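Protein chains: 4
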Amino acid sequence: MSTSRVEAFSDGVFAVAITLLVLDLRAPLTSGSLIGALADEWPEFAAFLISFTFIGVVWVNHHAIFHRLARVDRPLLFFNLFLLLAIVVIPFVTSLFALYVAHADSQASVAAALFNCALLLMAIGFQLCTLWIDYHPALLKSGRAPRSIAQQLRFATGVFAYVACLPLSFIVNPILVLAIDGAVGAFYIVDQVSGRNAGD
Amino acid sequence: MSTSRVEAFSDGVFAVAITLLVLDLRAPLTSGSLIGALADEWPEFAAFLISFTFIGVVWVNHHAIFHRLARVDRPLLFFNLFLLLAIVVIPFVTSLFALYVAHADSQASVAAALFNCALLLMAIGFQLCTLWIDYHPALLKSGRAPRSIAQQLRFATGVFAYVACLPLSFIVNPILVLAIDGAVGAFYIVDQVSGRNAGD
Amino acid sequence: MSTSRVEAFSDGVFAVAITLLVLDLRAPLTSGSLIGALADEWPEFAAFLISFTFIGVVWVNHHAIFHRLARVDRPLLFFNLFLLLAIVVIPFVTSLFALYVAHADSQASVAAALFNCALLLMAIGFQLCTLWIDYHPALLKSGRAPRSIAQQLRFATGVFAYVACLPLSFIVNPILVLAIDGAVGAFYIVDQVSGRNAGD
Amino acid sequence: MSTSRVEAFSDGVFAVAITLLVLDLRAPLTSGSLIGALADEWPEFAAFLISFTFIGVVWVNHHAIFHRLARVDRPLLFFNLFLLLAIVVIPFVTSLFALYVAHADSQASVAAALFNCALLLMAIGFQLCTLWIDYHPALLKSGRAPRSIAQQLRFATGVFAYVACLPLSFIVNPILVLAIDGAVGAFYIVDQVSGRNAGD
Numbered sequence: 005m006s007t008s009r010v011e012a013f014s015d016g017v018f019a020v021a022i023t024l025l026v027l028d029l030r031a032p033l034t035s036g037s038l039i040g041a042l043a044d045e046w047p048e049f050a051a052f053l054i055s056f057t058f059i060g061v062v063w064v065n066h067h068a069i070f071h072r073l074a075r076v077d078r079p080l081l082f083f084n085l086f087l088l089l090a091i092v093v094i095p096f097v098t099s100l101f102a103l104y105v106a107h108a109d110s111q112a113s114v115a116a117a118l119f120n121c122a123l124l125l126m127a128i129g130f131q132l133c134t135l136w137i138d139y140h141p142a143l144l145k146s147g148r149a150p151r152s153i154a155q156q157l158r159f160a161t162g163v164f165a166y167v168a169c170l171p172l173s174f175i176v177n178p179i180l181v182l183a184i185d186g187a188v189g190a191f192y193i194v195d196q197v198s199g200r201n202a203g204d
Numbered sequence: 005m006s007t008s009r010v011e012a013f014s015d016g017v018f019a020v021a022i023t024l025l026v027l028d029l030r031a032p033l034t035s036g037s038l039i040g041a042l043a044d045e046w047p048e049f050a051a052f053l054i055s056f057t058f059i060g061v062v063w064v065n066h067h068a069i070f071h072r073l074a075r076v077d078r079p080l081l082f083f084n085l086f087l088l089l090a091i092v093v094i095p096f097v098t099s100l101f102a103l104y105v106a107h108a109d110s111q112a113s114v115a116a117a118l119f120n121c122a123l124l125l126m127a128i129g130f131q132l133c134t135l136w137i138d139y140h141p142a143l144l145k146s147g148r149a150p151r152s153i154a155q156q157l158r159f160a161t162g163v164f165a166y167v168a169c170l171p172l173s174f175i176v177n178p179i180l181v182l183a184i185d186g187a188v189g190a191f192y193i194v195d196q197v198s199g200r201n202a203g204d
Numbered sequence: 005m006s007t008s009r010v011e012a013f014s015d016g017v018f019a020v021a022i023t024l025l026v027l028d029l030r031a032p033l034t035s036g037s038l039i040g041a042l043a044d045e046w047p048e049f050a051a052f053l054i055s056f057t058f059i060g061v062v063w064v065n066h067h068a069i070f071h072r073l074a075r076v077d078r079p080l081l082f083f084n085l086f087l088l089l090a091i092v093v094i095p096f097v098t099s100l101f102a103l104y105v106a107h108a109d110s111q112a113s114v115a116a117a118l119f120n121c122a123l124l125l126m127a128i129g130f131q132l133c134t135l136w137i138d139y140h141p142a143l144l145k146s147g148r149a150p151r152s153i154a155q156q157l158r159f160a161t162g163v164f165a166y167v168a169c170l171p172l173s174f175i176v177n178p179i180l181v182l183a184i185d186g187a188v189g190a191f192y193i194v195d196q197v198s199g200r201n202a203g204d
Numbered sequence: 005m006s007t008s009r010v011e012a013f014s015d016g017v018f019a020v021a022i023t024l025l026v027l028d029l030r031a032p033l034t035s036g037s038l039i040g041a042l043a044d045e046w047p048e049f050a051a052f053l054i055s056f057t058f059i060g061v062v063w064v065n066h067h068a069i070f071h072r073l074a075r076v077d078r079p080l081l082f083f084n085l086f087l088l089l090a091i092v093v094i095p096f097v098t099s100l101f102a103l104y105v106a107h108a109d110s111q112a113s114v115a116a117a118l119f120n121c122a123l124l125l126m127a128i129g130f131q132l133c134t135l136w137i138d139y140h141p142a143l144l145k146s147g148r149a150p151r152s153i154a155q156q157l158r159f160a161t162g163v164f165a166y167v168a169c170l171p172l173s174f175i176v177n178p179i180l181v182l183a184i185d186g187a188v189g190a191f192y193i194v195d196q197v198s199g200r201n202a203g204d
């Protein structure tokens, strides 16, 4: 099967998920200061920006991974579905985090851990897809080689980071989790999929 | 007419329907235990997972069916629309089921039966599409043959199972319906469309 | 400019609009009969089915029109946007109609007239697109001819019918409007775009 | 990387954003005059039309820009994401504007300024994309040349206009801002991307 339709379906899910995020931004009805009312909604705006960035970065990497393929097989379609499940859940865990981040108690830790779990799920989905491709090089375009162990490990950084974050949310601080998650997101802005100088 | 645009439109409907499911997950506002509040929402989470899986499996099978086609005709476009109608309804019957599954009385049976009806509608839509294709082999790519009677019956399993489920919801138990529906979904994860060794 | 991207964007709008319709179906929370509570929602279900069918038929005809094109120009992109505006409005006028159809007074007439106006807008959008194409045959695929006057008039049936319906909503009955609109929709299920035997 | 997938993803975001706008139109429940109740909602309808037009015009220009490209690189994907962020925000600032436009006080000025900021963000996103392409002509299709300075300045009109509008919202009138923004939108209906006679 060619890659075109799984790309189109995935693009649709990414596009809907990234656009639905705006439904969490509500125009506040106030008779006082509008600027003040919007400022009170800062967790919603921060959550919106973080989730938009995450889904955007994930889309770019999804693009880079499937760009290397000449065809897909049925198991890869289901691994990709698993990855999309994590994407679809991101708006939910984001609004959960936004709702509790200002709380000082353990609820914020739980919300941060759940947000982190969704990112972990997403990272696992990416691992399933890319490892399946590595061990089925017939799916690759001619001239493309499976990744080296070093490349595999580098791309698996997210899995390790998200697992490490889980206890930190309870031991240290939910905001630290957000900071680490943001750093991991920034790490994936740089291309971690193609080898250096591999062209594209 | 080529298959590309009907695939694009169907992919769009699948993508929106599968992503809209997340709108039924609501971040609970509680001053008590967040974990407890989320646990109370288990029917919503279960319904979300079941519907996501169902729509995902349906998409993979839709993909496999249209992948065999070289072109589409106008009646097939309308049979496909009928199938999409069932897909669009799934988020609604899912949230209905989630709302009543915890009730012990006959309402849960009604909700399970309606959920089951949507799946039956979907299975009928698939039958309309695939049987139309079988009797119009000019739509197939060159080298593809219409399905054998055995393949037709095997793919029609869902219709029989969903019809059989309808009375069970009232006689036995709505949860049993869900279990059978889940088993049917798992059955369709395995490729029931292409013949064995038919390549793809 | 090739037709592929305007088709993809239009497919996206059609797919989102047709799937958003389900958001108007709400799982009723009742301690009485669930069947009864759902039966009370019959206007929502009827409106859902009518709008789904309308958008579906419009998509098939949109498909047939753009299938004849080799390229698009900038004015056609804007005429197509006008058509999409009417599509996007359909879920709104549908829920308006569903809300007032059971009222016996003049409000139902107003709601029916507004529903009808959206369909008229859509028909005008189709006319703008198809007439523009007729007078710019360079947009057509080689071997395709502009439509005859007879074909143009036949395809313009909807415009005349929707205009005629507007006063009927107030003079006779809003339900009559719905019946006529339904008949017009059924008329367009049959191919009114390509000439007979024109192949496709 | 070819342009097809970034176009498909962008088309998805445009299609969802333009269709989500209809969710802000609510069927009013009134026992009085339905026409009157709808007339009271005029800011919602005006905002809907303005935002639909803006997103539509932006889509046409996005189409014209990417149509000139033979390939995309990773930075351009992220500049495009930035542009899409502005698109996704438009439904939110639109409903904010609709909520406060009828207020005579400074709140309407704040809402107009925020609406204007989203348009400015969008114009900056367009500048990032087009300037990146100008300085990386290897991305262009063969036979296409980077824009002249005159073309660059002409396309940058929006940035200057939106910046100039910001203080006007507070000094003069929020409605003036809307009028200027509308004029800028109309300016971009005419092709400001391709050079004259450049064909397409």
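Sequence order for the protein chains is A, B, C and D. For the first sequence, our numbering begins at 5 and goes up steadily by one. For the second sequence, our numbering begins at 5 and goes up steadily by one. For the third sequence, our numbering begins at 5 and goes up steadily by one. For the fourth sequence, our numbering begins at 5 and goes up steadily by one. Each residue gets a CB set at the ideal place from its N, CA and C atoms; glycine is no exception. Please read these numbers as outputs of a predicted model, since none were measured by experiment.
- Message: Can you list, in chain order, the residues of its chain with a C-beta nearer than 6 Å to that of A117(D)? Leave out the 5 residues immediately preceding and following it.
- Response: Result list for A117(D): L170 and S173, in chain order.
- Taking Cβ positions only, does V64(D) come closer than 8 Å to chain A? It does not; no Cβ of chain A falls within 8 Å.
- What residue range is occupied by the uninterrupted alpha helix (DSSP H) comprising D15(B)? S8 to L24
- Task: Verify the CB distance criterion: does A19(A) have a CB-CB separation below 8 Å to chain D?
- Result: yes
- Query: So which residues of chain C does S99(B) contact, with C-beta pairs closer than 7 Å?
  - Reply: A31
- Query: Can you check whether the CB of D28(B) is closer than 8 Å to the CB of E48(B)?
  - Reply: yes
- Task: Kindly give me the distance between the Cβ atoms of L80(B) and L144(B), rounded to whole angstroms, as I take these residues to be in contact under 8 Å.
- Result: Between L144(B) and L80(B) the Cβ distance is about 12 Å, and since that is not below 8 Å, they are no contact.
- Query: In chain A, which residues lie less than 8 Å from G16(B) when you measure between Cβ atoms?
  - Reply: G16
- Quick one: give me the first and last residue of the alpha helix (DSSP H) that E48(D) is part of. Start and end: W46 to H71.
- Task: Leaving out five residues on either side along the sequence, give the residues of the same chain with a beta carbon under 7 Å from the beta carbon of A160(D).
- Result: Q131
- Inter-residue Cα distance where the pair is S113(C) and L87(C): 25 Å
- Item | Span separating the alpha-carbon of G16(A) from that of F56(D) | About 20 Å.
- State the DSSP-derived secondary structure class of L33(C), mapped to helix, strand or coil. Coil at L33(C), not helix or strand.
- Pair every Cβ in the stretch 61-76 of chain A with every Cβ in the stretch 132-151 of chain D, then say whether three or more of these pairs are closer than 8 Å. The answer is no - the stretch 132-151 of chain D does not touch the stretch 61-76 of chain A, with fewer than three Cβ pairs under 8 Å.
- the stretch 25-42 of chain C touching the stretch 89-98 of chain C, judged by at least three CB pairs closer than 8 Å: yes
- Using a Cβ-Cβ cut-off of less than 7 Å, list which residues of the stretch 156-167 of chain D approach chain A; keep chain order. Result list empty, no residue passes.
- Query: Beta carbon of Q196(C), beta carbon of R158(C): below 8 Å?
  - Reply: yes
- Can the beta-carbon of Y104(B) be found less than 8 Å from the beta-carbon of A115(B)? Contact: yes.
- Query: When the distance is taken between beta carbons, is V181(D) closer than 8 Å to A127(D)?
  - Reply: no
- Task: Indicate whether at least one CB of chain B lies closer than 8 Å to the CB of V26(C).
- Result: V26(C) counts as touching chain B.
- Query: Curious, which full-length alpha helix (DSSP H) runs of at least 4 residues does the stretch 130-170 of chain B contain?
  - Reply: Correct list: 153-159.
- Item | Distance, A168(C) Cα to I91(A) Cα | 48 Å
- For chain D, is any of its Cβ atoms less than 8 Å away from the one on H140(A)? no
- Query: When you compare only the Cα positions, how much space is there between G203(B) and Y192(D)?
  - Reply: Because the pLDDT at G203(B) is just 40, under 50, the model does not fix this residue reliably, and the value given afterwards should be weighed accordingly. Cα to Cα, the separation comes out at about 50 Å.
- Buried or exposed: which applies to T7(B), given that a residue is buried once 16 or more other Cβ atoms fall within 10 Å of its Cβ? buried
- Query: Listing by chain order, which chain C residues have their CB less than 8 Å from the CB of E11(D)?
  - Reply: R9 and A12
- Task: Sort T23(C), H140(C), A41(C) and A106(C) by Cα distance to D77(C) and report the nearest one.
- Result: H140(C)
- Query: Any residues in the stretch 58-84 of chain A with a beta carbon nearer than 7 Å to a beta carbon of chain D? Which ones, in chain order?
  - Reply: G60, W63, V64, H67 and H71
- Task: Below 7 Å CB to CB, which residues in the same chain sit around V62(B) once its five sequence neighbours on both sides are set aside?
- Result: Contacts found: I91 and M126.
- Task: Confirm, please, whether the CB-CB distance from F18(C) to F119(B) is below 8 Å.
- Result: no
- Message: Along the chain, where does the alpha helix (DSSP H) containing L81(B) start, and where does it finish?
- Response: R78 to Y104
- Task: Would you kindly report the start and end of the unbroken alpha helix (DSSP H) that includes A187(C)?
- Result: P178 to I193
- Message: Comparing C-alpha positions only, which one of I59(D), V176(D), A165(D) and I175(D) sits nearest to A187(D)?
- Response: A165(D)
- From L124(B), D109(B) and L89(B), pick the residue whose C-alpha is nearest to that of P178(B); which is it? D109(B)
- For S99(A), the nearest candidate out of S146(A), R75(A) and I54(A) (CA to CA): I54(A)
- Helix, strand or coil at V197(D) according to DSSP, with G and I counted as helix: coil
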